[in-house]
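Heads up, the sequence shown is in my numbering, so the first residue is -11 and it goes up one at a time.
Where is the CB? At the ideal position from N, CA and C, for every residue including glycine.
Heads up, the thing below is written out as structure tokens.
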Amino acid sequence: MAPRHGGPPSRGVRLLALASLVAAIATLHFAIPTTTHGWHELHIVLRKAYFVPPVLAAVWFGFGGAMWTTVAVSVLFAGHAFLDWPGNYMEQANQVGELAGFWVVGLLAGYWSDQQRRLLEGLAAAHEETVHALVSALDLREHHTGMHSQRVREYTLLLADQLGVSEQARRDIAYGALLHDVGKIAVPDHILSKPGRLTDDEWAVVRKHPEEGYRILRRVPFLRNAADIVRAHHERLDGSGYPRGLEGGQIPLGARLFAVADVYDALTSDRPYHAAISYEAAAAVIADGLGSQFAPTAVAAFFAVPRETLEAVASRWHDVASAASPIDRDQGIPDMDTGFA
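This is the structure:
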């Protein structure tokens, strides 16, 4: 798995950076003499610098990190006050007042950091509930959609992880894959549930669902990037897809990864028009689509995921009953009889 790009530094890196900052401030504070006015002015600056580590610790580690860092800087600062100002009780009292300031700043920074974290977690939970409400709404009309959407989301994320995408891109890809068919809400019931093949006019209506999904999602701020993936999830690398005939790099990365995940799920799941095929057979179909339907990076990412990992996803989100929308077979999903439609 490739390392993620654009994410925050690891906990170990942050700990090292924080410890180095505290050590640098303390070393300068102890090393610089206090014998002249000029040096004393520099000491005042360094005293203020001790406020930085507790704030930084609060941002990186929350309330607990802020408190432990405040303890550390307080011990170091107090040691300097009593070692460098022996007998100067006025100056020592002044610096004890500075110590109180460290605790006020550390407590407030830690508290507000934890409050912000809780707010962001609540917002993320609300986002998830919004997304799952949309999936549930579609699942009321297409009973196979929920499990299928969960599987393709996990398959797509497995491929994205092989490429080391950023955390934000990963979230956008997850939402786009999960909501890829939300535009089917706009497809009339008589078409969505039609048992036979669709007419050309009916098929033209179905082909509008990526644009309909895009229009639904683009109005939601945290789903705007996912909306681009939904809009492009039926595009093909060679430009023969729909709705806009995008090709190559014009297709968003998430949609290129999704294309492989969606076909893999279609092939390895039981459908009314074909039985599930093996991993080896599905992998062969995906390999055959390289360069026409699928991007090389997406195919390479697929083959980098262990077979057992893919099968574990299928087991976790297994359909209770074999079902699929009748229009799926007209959507360009390959099967062993027709190849790439």
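Within the present structure, is the beta-carbon of H31 separated from the nearest heavy atom of the ligand SAH by less than 7 Å?
For the ligand SAH, the structure offers nothing, since it holds no ligand at all.
So is H221 buried or exposed if we call it buried at 16+ other beta carbons inside 10 Å?
buried
For the alpha helix (DSSP H) containing E296, list its first residue and its last residue.
295 to 304
Tell me whether H221 sits in a helix, a strand or coil according to DSSP, three-state version.
coil
What does the alpha-carbon distance come out to for the pair E299 and A272?
16 Å
Around the C-beta of I274, are 16 or more other C-beta atoms found within 10 angstroms, so that it is buried, or is it exposed?
buried
Let me check understanding here. Comparing Cα to Cα, which of I20, V301, V208 lies closest to Y252?
V301
Just mark A330 as buried or exposed, buried being the case when its beta carbon has 16 or more other beta carbons within 10 Å.
Missing from the structure shown is residue 330; the chain here goes from -11 to 329 and no further.
Does the distance from the C-beta atom of R2 to that of W56 stay below 8 Å?
no
Figure out for me which residue from R105, A11, E235 has the closest Cα to the Cα of F282.
E235
In DSSP terms, what H262 is bridged to
R259
For F282, the residue or residues it bridges with in DSSP:
L278
Measure the CB-CB distance between F361 and D102 and report whether it falls below 8 Å.
Residue 361 lies beyond the stretch modelled for the chain, which goes from -11 to 329, so this question has no answer here.
Cβ neighbour criterion (16 or more within 10 Å) applied to T58:
buried
Three-pair Cβ contact test at 8 Å for the stretch 140 to 157 versus the stretch 239 to 247:
yes
Got a sec, what are the start and stop residues for the alpha helix (DSSP H) L180 sits in?
177 to 180
Can the beta-carbon of Y230 be found less than 8 Å from the beta-carbon of V218?
no
Tell me whether H17 is buried or exposed, calling it buried when 16 or more other Cβ atoms sit within 10 Å of its Cβ.
buried
Cβ neighbours of A97 in the same chain (closer than 7 Å, five flanking residues each side left out)
P42, V43, A46, A54
If contact is defined by three or more beta carbon pairs under 8 Å, each pair taking one atom from either stretch, is the stretch 62 to 71 in contact with the stretch 111 to 122?
no
State the Cα-Cα distance for the pair G330 and Y99, rounded to the nearest angstrom.
Because the chain here runs from -11 to 329, residue 330 falls outside it and cannot be looked at.
Is A196 helix, strand or coil when you go by DSSP?
Position check: residue 196 holds Lys in this sequence, whereas Ala was assumed. Three-state result, K196: coil.
What separation, rounded to the nearest whole angstrom, lies between the Cα atoms of Q156 and A214?
11 Å
Cutoff 8 Å; reference V10; Cβ partners in own chain excluding five residues on either side
P41, T57, A60, V61, L64
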